[in-house]
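Encoded as structure tokens, the structure appears first; notes follow it.
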Ligand code: HEM
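In this note's numbering, the protein residues as written are 108 to 601.
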């Protein structure tokens with residue numbers, strides 16, 4: 108239906124809201140439309156000042172919604188809110204649904220899949236958007252944007268317990284990733300402070316220094332391996348620094364996580380990674396214990412001291428929270444950087460556009476994140492019998508939410524297989540959506556911006572040796588390149 112301005116003016120049907128839990132106070136909305144939005148000085152978060160009372164304001168609200176880096180803004184019509192509840196595609200209990208189960212041969216851990224997941228996703232979306240696989244004890248695969256969003260937003264029906272990873276390696280005892288409301292809000296609250304604009308401002312000089320130091324180690328040689336020497340250390344050092352570990356010990360944390368991400372289920376490398384990860388658990392336990400007697404200015408100390416309604420976190424909860432910051436902060440951003448660097452090496456005209464117009468970088472980064480999501484999927488466990496589309500799914504079954512496939516859904520993105528730097532809107536699902544939406548997204552974006560800015564400035568003609576790139580051979584969680592041998596015109600240290 109085409110909505111005319113006159114129609115809107117007469118009926119005032121748009122309801123604007125901001126999810127305070129998700130908003131990180133970027134104030135992009137205020138810049139887009141100061142009539143509608145303002146920032147609450149005490150919380151630093153945006154709020155809706157006034158509802159859009161005419162078509163022009165509704166349009167501005169829509170723009171702000173699309174531009175919000177956190178996707179915290181919702182704009183619904185009174186009508187559509189009613190409709191969405193009864194939509195056929197919305198998960199709902201319906202005893203009359205057909206029972207044929209569309210089985211597919213899908214295993215994201217297999218080499219065949221990792222060779223070209225985008226083709227598999229395209230086929231799933233086109234022919235079987237809600238499908239079932241027998242792999243890893245069986246689970247449902249959801250590949251269309253609208254379905255993934257619907258499920259991710261319904262955390263009562265789709266639980267994040269006991270795990271959100273398939274297969275469960277047993278190492279992801281992460282909080283709040285593996286929690287449901289009301290605990291979820293209790294866990295997220297103390298973490299928000301690490302990703303506010305003020306926190307990012309504090310981290311920025313350190314991220315620039317880590318980036319500059321990394322480039323200094325190889326710039327005179329004219330060659331490097333961009334994962335080990337660049338994409339891996341920078342996010343790792345950044346996260347370790349604010350969490351409360353020594354950034355120079357980044358290998359101890361990053362290497363086992365990296366091995367876990369890139370090794371196949373059951374392989375000797377995976378076994379090695381699992382054994383090494385036990386060391387990380389010990390490091391976390393030791394640090395928590397040490398901070399309770401000797402507080403420092405870091406996240407571990409703050410979480411140890413955090414109290415809500417007179418209750419502190421248990422040692423198990425503390426462990427899960429610190430581990431989440433580590434797992435969230437290291438391999439994910441590394442993978443995103445590796446994917447973007449490879450794309451820029453293979454597409455010199457696009458790279459030149461970013462060199463000529465650095466203002467394009469923030470939207471280009473979101474487009475890289477959409478195009479190759481570094482986290483392909485997370486799962487949910489169904490809490491009650493439910494129908495997704497026309498498939499009946501039973502309580503206890505698992506549902507795999509393919510963020511990476513949703514990001515290439517042509518029903519949401521025009522020309523989804525192309526990288527369009529100024530794509531608008533770009534409501535990709537790389538950071539998830541709903542109550543579990545990634546808290547670290549602003550930090551990841553900042554790290555990527557600094558990393559790409561510095562590469563484009565200091566080694567602008569870098570060329571990755573395509574024949575020697577190590578592509579993923581399995582996709583447990585992470586999608587990124589694990590080796591990017593690179594050459595460039597040598598330069599001088601900063
Ligand atoms: C490009 C980099 C990143 C990607 C692709 C990414 C992706 C995601 C996704 C998809 C989720 C949602 C999980 C779900 O719905 O089940 C998530 C949650 C989370 N991420 Fe990130 N992340 C990134 C960077 C970071 C960083 C740098 C940090 C912190 C240092 C971080 C911390 C978190 C936390 C704490 C959660 C849990 C939120 C919750 O369960 O409520 N992430 N991330």
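C-beta atoms are modelled at their ideal positions from N, C-alpha and C, and glycine is treated no differently. None of the values given here were measured: they were computed from a predicted structure.
key: Candidates 595, 278 and 548, of which the one nearest residue 570 by Cα   = That would be 595, whose Cα lies nearest to the Cα of residue 570.
task = State the DSSP-derived secondary structure class of residue 336, mapped to helix, strand or coil.
result = Of the three classes helix, strand and coil, the one that applies to residue 336 here is helix, per DSSP.
query = Going along the chain, which residues of its own chain have a beta-carbon closer than 7 angstroms to the beta-carbon of residue 507, five neighbours each way excluded?
reply = Shown here for residue 507: same chain residues with a beta carbon closer than 7 angstroms to its own, the five before and five after excluded, namely 246, 247, 248, 249, 273, 484 and 486 in chain order.
request  = Check residue 493 in the structure and name its three-state DSSP category.
outcome  = Strand, per DSSP.
Pairwise C-alpha distance: residue 426 and residue 60 = Since the first residue of the chain shown is 108 and the last is 601, residue 60 is not available in this structure.
key: Any non-hydrogen atom of the ligand HEM closer than 6 angstroms to residue 534 Cβ   = When distances are taken from the beta-carbon of residue 534 to the heavy atoms of the ligand HEM, even the shortest one reaches 6 angstroms or more.
ask   = Which residue or residues does DSSP assign as beta-bridge partners of residue 602?
value = One cannot answer for residue 602 here, as it falls past the ends of the chain, which runs 108 to 601.
key: Same chain only: Cβ atoms within 6 angstroms of residue 582, ignoring 5 sequence neighbours per side   = The residues 215, 221 and 483, in chain order, have a CB closer than 6 angstroms to that of residue 582 in the same chain once the five nearest residues on each side in sequence are set aside.
key: Cβ neighbour criterion (16 or more within 10 Å) applied to residue 277   = Within a 10 Å sphere around the beta-carbon of residue 277 sit fewer than 16 other beta-carbons, which makes this residue exposed.
query = Roughly how many whole angstroms lie between the Cα atoms of residue 616 and residue 365?
reply = For the chain, the structure presents residues 108 to 601; residue 616 sits outside this window and is missing.
task = Assuming residue 179 contacts residue 121 (C-beta within less than 8 angstroms), just tell me the rounded distance between them.
result = Incorrect: roughly 17 angstroms between the Cβ atoms, too far for contact.
task = Starting from residue 385, trace the alpha helix (DSSP H) both ways and give me its first and last residue.
result = For residue 385, the enclosing alpha helix (DSSP H) covers residues 375-400.
inquiry  = Looking at the ligand HEM, does it come within less than 6 angstroms of residue 179, judged from the CB to the closest heavy atom?
reply    = Not under cutoff, so the answer is no.
task = Quick one: grab the DSSP three-state call for residue 429.
result = Here residue 429 sits in helix by DSSP.
task = List the DSSP bridge partners of residue 484.
result = Bridge partners of residue 484 according to DSSP: 509.
Runs of beta strand (DSSP E) wholly within the stretch 538-572 (minimum 3 residues, chain order) = Every candidate beta strand (DSSP E) stretch fails here, since none sits fully inside the stretch 538-572 while reaching 3 residues.
message = Starting from residue 535, trace the alpha helix (DSSP H) in both directions and tell me its first and last residue.
response = From DSSP, residue 535 is part of no alpha helix (DSSP H); its letter is neither H nor E.
ask   = DSSP puts residue 330 in a beta bridge; with which residues?
value = Paired residues: 594.
Residue 559 to residue 208 span [Cα, whole Å] = In this structure, the CA atom of residue 559 is about 45 angstroms from the CA atom of residue 208.
request  = Specify the secondary structure class of residue 583 as computed by DSSP and reduced to three states.
outcome  = It is coil, neither helix nor strand.
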